[in-house]
Structure formats: structure tokens, C-alpha cells
Amino acid sequence: MDNHAIARVLGEIADILEIKGENPFKIRAYRNASDIVSNHPHDFMRLDADELRGIPGIGKDLAAKIREIADTGASRFHQELLAEFPPTILDLMNLQGVGPKTVATLYRDLGIKSIDDLEAAAKGGRIRSIKGMGAKKESLILKALEERRQHAGRHLMSETEGVAAAYIDYLKQAAPAADFVAVGSLRRGCETCGDIDIVATGAEPSLMDVFVEYPAVERILGHGDTKSSVRLRDDYQVDLRLVAPESRGAAMQYFTGSKAHNIALRDRAIGRGFKLNEYGLFAVEGGQKVAGETEAEIYEALGLAWIPPELREDRGELAAAEAHTLPRLIERRDLRGDLHSHTTETDGKDTIEAMARAAAARGLEYLAITDHSKALAMANGLDEARALAHAERIRAADGKFGVRLLAGIECDILADGSLDLSDDCLAALDIVVASVHSAFQMERDEMTARVIRALSNPHVDILGHPTGRMLLRRSGYPLDVDAVVDAAKRYGAAIEINSQAYRLDLSDVHARLALERGVPLVLSTDAHSTAALDVVQWGLRMARRAWLQPADVLNTLPFDDFRSRLRRHSR
DNA sequence: GCCGTTTTCGGCCCGACTGTTTTCAGTCG
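Going by this note's numbering, the first sequence opens with residue 349, and the numbers climb by one from there.
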């Protein structure tokens, strides 16, 4: 049991209590505890009940339940709840537009207890027979089922990384001298991943037995001396390739892909009298091996500079590698500031001081505190008076904890494109991120006009999570990103790459569009806790896939230079 | 279920939107 597993049990308790219609505050306590556990830096397996109780939000009951889960691997309360409802019912809660009440009604009235049951009922027109539901609801459910199907077997990069790392740790224990590297879409930094591909070198074939005996394995798909495949619970497929050390680079290259990149690379090899496969680069005449131990020597033998995995999508990287004009991709050490964060003043978990200290501990030079504005009532958003009072407190803390602070706001863009706070208030702040959080159901033209109108406000420095997408859950609101990028250019606003693993918004493709149009980008965490400042690693992968160099990202600048480049100071 | 207390009970962020209604329930954020 790790924190993630404990958090999942608590989350499932919350889900079932919700279906049962229990006290919403009790449900919130479980949900909150689940969040705390999954985001907590310490291993909950090692904390005793007293230490657990010291964590705000964990009281006597929850501390005992967490200990029980840590000690026994399960919770009796959780088991009892699962006995009341079939476990598959929880899958229904993940459908867009289907909440606990709907799940309860579907179960009670139609006996629906799984995704398959629901699909059959919806297709058979039986949903509309339930009181309070109609034909619209039925088609909404069918649409949600379709979206779910499209996402099946795919996972967020952040989660995939965790699963791959845990698997590799496990393999390393059995073969300490061997070398392991996760390749495939994960190595390329794709926003979501299907399979996990691992290349191993320097291990005995018996490693494959260890591989298929991993506790989370649900089904063994293949079990050979050099290649094995398994399916894990949680719908991951994992492939392990065991290769000789002299082929390590070739195998890494081959299994990292992308398919399009590999096809282009092999084509290039053929044109030069070589054959490229997962074992190496070979001369067609005579068949002798030219390269294969490292990726770099393979690329070099083909007249190319080594290409960072994030660029291997056949989007011009081969030509750039040949001309030695590949970008010097942005890295974490290039970032000097974070421009989007929340505190306890709205829906953040930590105070100004804690956030400032955490930013300083991560080597940041500056941090913008950008809590929500009043339209986001559920987050306890700030009105003008509170925003200004909060700004005073932020400025009072500026520089005291080893980091410069910017007093900002994440201001809602209202349905008509106006901003949630007065111009006077926005002008009095150091930085304004403007974001859409409501009224997503708009026509594309209307939504585009709305966002562009917001950008026309001279106090808007940055457009936050521009498309509103939530990976594997919903596509963004309909938006002409091209037109929005042009508007940002025209008005001198910057565009955010939001690093939350479930957002990654802008996407790599759109960020590259902004780069080509000369619109400045910023890389932000949208952190709601100190630990969340580290999610920047996911945004970085997106930025690198967009070919961004340090100079393309405003928050790589030293503090004074950065401030002068902000829209409010640059003209 | 947590928290804080004028300490064992009462409060705990709630508004917009949708689809179903004819005054509201459910979902989302």
C-alpha cells in the first residue's frame, strides 16, 4: 500500500457515501482526506496515529481508518460499503454528467450496476422512462459513454510515470546490476500514454519471470526470453524488452518512436545504404554493424545530431538535426518564476508564507499569488475589497522568505467576455491571469469573441488555461485558438501553459503555434498546495514538445526583466 | 467526519447551468 492506494480507498468511501446520500460534510471529509493523502510528501505507511492526527483534516476516525488500511491493506468500513453496492457501480460516477443521485436512481429503478448495463439501457430507450429523466439525458449519457470509449486504456502522463517508476523499482530489486529505461510515449512526454514500454539491458532471461510475477499483474499477455507483455489492474499494458548492451541505444531509439519519426529515420538510413532496426544500424552491403550501443552514435552515423525524445514526431526534427539547428529545449533549471498559484485565501491548501517558502526551496526567484475572483463562489473567490487586502498581505511578505512575490489574481472571464473585477482593482495588482471557468456551452464564434474581448482589457497580462480542456474527461470548450493567439499578439498579452497534469493547456501543438506567431508564453503550475509547485515537470514536457527554448518563456527571465516584459509595464 | 469552542454541538465556500420541470433536482467546478 502506498499513499496513492490509501487515497483511492478513501475516495471510494466518499463515492459510495455520496450514492447513499449521506451527510455531504462527511463525504467532503473523506474526499478531502483522499486529496491530502495523495498529495502528501510523506509516506503514510510510516506515520503513526498521533502523527496522522497532527495533519489538518485528519481527525480521530480518519487517522484510525488510515492506520487500518496501512496495516491490513483494507478498511472494514470500505468493505461493508462495497457489499451494499456492486463495485462496478463506481465506474458510472466517472461519466460526464452522471453524478451520485443519477447512479443511485439508475441502480434502484433499472438495476443498472455497470457501464455495460447503462449502455444497454440507454440504447434501449429505457433511461427516459425514469421520472426526472428524458430523451436529452439519455443522449447525454450515450455521448459520455462514447467519450469514455475514446479514452479507454489511456492514462495521464503523470500517472503513467508513477506506474512505470514503481515497476522499474521492483525489477531493479531482482536485477540490481541491470539497466532499465522507460521508452515509448512516456519518454516522448506525450500528454496521455497507452502502453508502458521498458527496455532492459544487462539482465538474465529469468528477469522475465520476475516481470510477470509483479503483484499488480492481472493477465499475462506474453512471456518470452526477450519480450514479455502484461496487463495490469487499472488498465495498463506493460511491455518489457530485454536486449544486449551493444543494442541498448538501438532498442531505445526503436521503442521510443514515434512511429512517424522511425519511418522517416529508417527511410533516411536506406538512402544511405543502411538498415535500421531495434538491434542496430547495419550496412546493407556486408551486413556489418555500424552503430547501436547509444542513440547518439546511430543519429550521428546518419548525419544527424541526437534528437531529444520530445521532438521525435516527424514535425521537422530530422531537417533541424541535419542542419544542426535543433532548439536548446527549456529545462527546469531555466525557470526563475511561477506565475499562477493559490492560497488558503480561496481554494488553496497553504498560506502565502508556506507557498513563498516552498517556491524559494525550489530555487525560484519569484512567485505570483493569483487567487480566484468572486465569480468562482465555490472557491470562495475574492471581490475587489478582499483582492486588494490580500494584495497588501502578499506585498508585506514580499522578499521575506527568500522569494519575490507578485500580488495577482486569477480573474474569471465572464460569459460576455468582461472581467469579474473592476478595472481599478485589476490595475492596482501586480499581475492578472484571466481564465474561463463557467458557461462552457457556447458556440465557437461566441466563445472566441468572449476570450478575445477579455484579452482586449489592458490589465490582462496572461490568458490562463486557454482551452479549458481536461484530459481524458472532456475536450476544451470550442475555441478558435488561432484567432486567440493572434489577438494575444495584437494586445501584447502572454499565454499560459498550465502544468496541471490533467490540463496541459495549451497543448504542445497550440504552444508551437503561439511560438511561431511570436506570442510570449509562460509556464505555470496553478498550484493549490506547496507540493503542487512540482507539477511544473509536466508542463515542461509540453513546452519541450512545442520546441520552446528558454527565451520563448517569460518566466525564465530575471525578476526585473520579467516585470518589464509584462504587458502592464511594456508599453 | 473535522473543527473549535462562549468545549460535546453546530457549522462546514455556493452559484451557474441543464434538463426536467411549472418550482426544482442534479451536476459541475
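Note that beta-carbon positions come from the ideal geometry of N, C-alpha and C, so glycine has one too.
- In the structure shown, G840 adopts coil according to DSSP, grouped into three states.
- Going by C-alpha positions, I463 is about 21 angstroms away from L504.
- Between the beta-carbon of P814 and that of I843 there is about 6 angstroms, and that keeps the pair under the 8 angstroms contact cut.
- For P656, the CB contacts under 8 angstroms within the same chain, skipping 5 residues up- and downstream, are L674, L677 and R892 in chain order.
- 8 angstroms or more divides the Cβ of G696 from the Cβ of S872.
- Across the set L762, R616, D908 and Y627, the C-alpha of L762 shows the shortest separation from the C-alpha of R798.
- M818 has R822 as its beta-bridge partners, per DSSP.
- Between M556 and L519, the CB-CB gap reaches or exceeds 8 angstroms.
- Taking 8 angstroms as the cut-off, the beta carbon of S506 is found no closer than this to the beta carbon of W895.
- Using a Cβ distance threshold of 8 angstroms, A381 and G405 count as a contacting pair.
- By the criterion of at least three beta-carbon pairs nearer than 8 angstroms, the region 551-565 is not in contact with the region 467-475.
- If you ignore the 5 residues before and after R860, its C-beta comes within less than 7 angstroms of the C-beta of A894 and W895, all in its own chain and listed in chain order.
- Taking the Cβ atoms as the reference, R496 lies roughly 14 angstroms from T540, outside the contact range of under 8 angstroms.
- By the neighbour-count criterion, in which 16 or more other beta carbons inside 10 Å mark a residue as buried, L569 falls on the exposed side.
- Using a C-beta cut-off of 8 angstroms, the region 835-855 makes no contact with the region 607-621, since fewer than three inter-stretch Cβ pairs fall below that distance.
- Taking 8 angstroms as the cut-off, the Cβ atoms of A598 and G628 count as close.
- In the three-state DSSP reduction, L730 falls in the strand class (E or B).
- Distance from the Cα of Y584 is smallest, within the candidate group L400, A526, A512 and L458, for A512.
- The residue among I361, D545 and L358 with its C-alpha nearest the C-alpha of R535 is D545.
- Residue environment for P448: buried (at least 16 other C-beta atoms within 10 angstroms of its C-beta).
- With respect to D834, R865 sits close: the two C-beta atoms are nearer than 8 angstroms.
- Rounded to whole angstroms, R889 and I354 show a C-alpha spacing of 28 angstroms.
- If you draw a straight line from the Cα of L724 to the Cα of G750, it comes to about 31 angstroms.
- Short of 7 angstroms from the beta carbon of E509, and not among the five residues preceding or following it, lie these beta carbons of its own chain, in chain order: L534.
- Beta-bridge analysis with DSSP links H503 to C541.
- Between the region 707-724 and the region 761-779 there are three or more inter-stretch CB-CB distances shorter than 8 angstroms, so the stretches are counted as touching.
- A straight-line Cα-Cα distance of about 12 angstroms links D882 and G685.
- With respect to the 8 angstroms criterion, A704 and A739 are not classified as neighbours on the basis of their beta carbons.
- Under the rule that a run must span 4 or more residues, the alpha helix (DSSP H) segments found entirely inside the region 582-651 read 596-604, 607-619 and 643-649.
- For G887, the enclosing alpha helix (DSSP H) begins and ends at V884 to R893.
- The beta carbon of L819 sits closer than 8 angstroms to those of L504, E539, T540, A849, Y850, R851 and L852, all from its chain and outside the five residues before and after it, given in chain order.
- In this structure A418 is buried. Its beta-carbon is surrounded by 16 or more other beta-carbon atoms within 10 angstroms.
- Beta-bridge analysis with DSSP links H720 to E758.
- Restricting attention to Q636, L863 and L410, the CA atom closest to the CA of P898 is found in L863.
- Following the DSSP letters along the chain, one finds E467 in no beta strand (DSSP E) but inside the alpha helix (DSSP H) bounded by residues I463 to K471.
- Inclusion of L666 and A612 in the CB contact set at 8 angstroms is warranted, their separation being smaller than that value.
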